[in-house]
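Residue numbers (mature numbering (1 follows the signal peptide of the UniProt record, and there is no 0)): -22 to -1, 1 to 325. Glycine residues also receive a C-beta, built at the ideal position from the N, C-alpha and C atoms. To start, the structure itself, in structure tokens.
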């Protein structure tokens, strides 16, 4: 892995363009860069709900590739959007899901860049869309992302974004009962309607995660479904999807990935969707959050650009591998030695 390049990326980035800039530092330790209680949390650099909707509607009007669909409403009656590219029953379908947790914002920024990319007429895009159906559900937790919830956010660093939906429920623990309108709509109007073969569920983790206790700071962590009842072929497909993503991110030089220590409950989408629908799923936990009640989880602005780009690289790699069928040859043996995450934050 190219740790020198990772250090360079961590030290200087263009905040919202996704382009890595800057000159390097000699080392990266587990305590930075992050919020540290002394950075301004500048939410104007992120797409608000209304800005996201305007972008989606504008791209929909301009692109023949995109079909924009409203598949449900949130607790606070905000529309939930699905960007659809292709609907060929003979092609595999992949779903990219972002921001089940409202404070995990850069995943949606990456998804919006992917929607814009797939709306172009480049040969690369056309080759993908001739062979893969693509579904992008940006920002499932639209109320939490706006801070428009039925409980106070006084104990959050900025008081703006929260993990939970307006009812105070973690949507990524609601994939069995589906008691919340957001998860209910996702299951009934996306998963059951379009039957995806693959899903990457994009999240954020804390700022100070390393590769093992003594390893380098990671830019993200990945994990396949870990519930023991998941079908073996579905599990293998998940591991292959992870191999494609791992190789793509690590090869860029500004990404280092660890194995996420996730749970086995079916209430979590990674496990529940693999079990219920036979979807090969991958969790990607990117570094840092926009807001939290724990300061050691909040990233601030320093690494936004390269983290957004990491999300774009992840989605592009998955699409290309599925389109040319190279995913079938992906080497999953790396999972056997991939070092688990370790968190150096507050106890």
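- The three-state secondary structure of residue 160, taken from DSSP, is helix.
- About 14 angstroms separates the CB atoms of residue 61 and residue 106; that is not less than 8 angstroms, and the two are not in contact.
- The C-beta distance from residue 237 to residue 201 rounds to 6 angstroms, short enough to meet the 8 angstroms contact threshold.
- For residue 288, no beta strand (DSSP E) encloses it; the enclosing alpha helix (DSSP H) starts and ends at 282 to 301.
- Its Cα nearest to that of residue 55, the residue 124 stands out among 67, 68, 185, 124.
- Non-local beta-carbon contacts of residue 48 in its own chain, meaning distances under 7 angstroms to residues more than five positions away in sequence, involve 57, 58, 59 in chain order.
- Here residue 141 is buried: its Cβ has 16 or more other Cβ atoms, across all protein chains shown, within 10 Å.
- Ranked by Cα distance from residue 271, the options 148, 119, 132 are led by 132.
- In this structure residue 100 is exposed. Its beta-carbon is surrounded by fewer than 16 other beta-carbon atoms within 10 angstroms.
- Contact fails between the region 162 to 171 and the region 90 to 104, because fewer than three Cβ pairs, one in each stretch, are under 8 angstroms apart.
- Beta bridge pairing from DSSP links residue 61 with 46, 114.
- Cβ-Cβ separation between residue 294 and residue 234: approximately 19 angstroms, too far for a contact (criterion under 8 angstroms).
- Taking the CA atoms as reference points, residue 71 sits about 12 angstroms from residue 256.
- By the 16-neighbour rule on beta-carbons within 10 angstroms, residue 23 is exposed.
- Linking residue 82 to residue 199 through their CA atoms gives a straight-line distance of about 14 angstroms.
- Contact annotation, residue 161 with residue 116: C-beta distance approximately 16 angstroms; criterion of less than 8 angstroms not satisfied.
- When the five nearest sequence neighbours on each side are left out, the beta carbons in the same chain lying within less than 8 angstroms of the beta carbon of residue 310 are those of 214, 217, 218, 220, 221, in order along the chain.
- Secondary structure of residue 200 (DSSP, three-state): strand.
- In the three-state reduction of the DSSP assignment, residue 178 falls in the strand class, which pools E and B.
- Where residue 277 is concerned, there is no enclosing alpha helix (DSSP H), because DSSP gives it neither an H nor an E.
- Taking 9 angstroms as the cut-off, the beta carbon of residue 151 is found no closer than this to the beta carbon of residue 196.
- Within the same chain, 205, 207, 208, 244 come within 7 angstroms of residue 253 by CB-CB distance, once the 5 residues on both sides are set aside.
- Counting the other Cβ atoms within 10 Å of the Cβ of residue 159 gives 16 or more, which makes it buried.
- Annotated three-state conformation of residue 24 is coil, per DSSP.
- For residue 149, there is no enclosing beta strand (DSSP E), as DSSP marks it with neither H nor E.
- Residue state for residue 208 is assigned as coil, using DSSP reduced to three classes.
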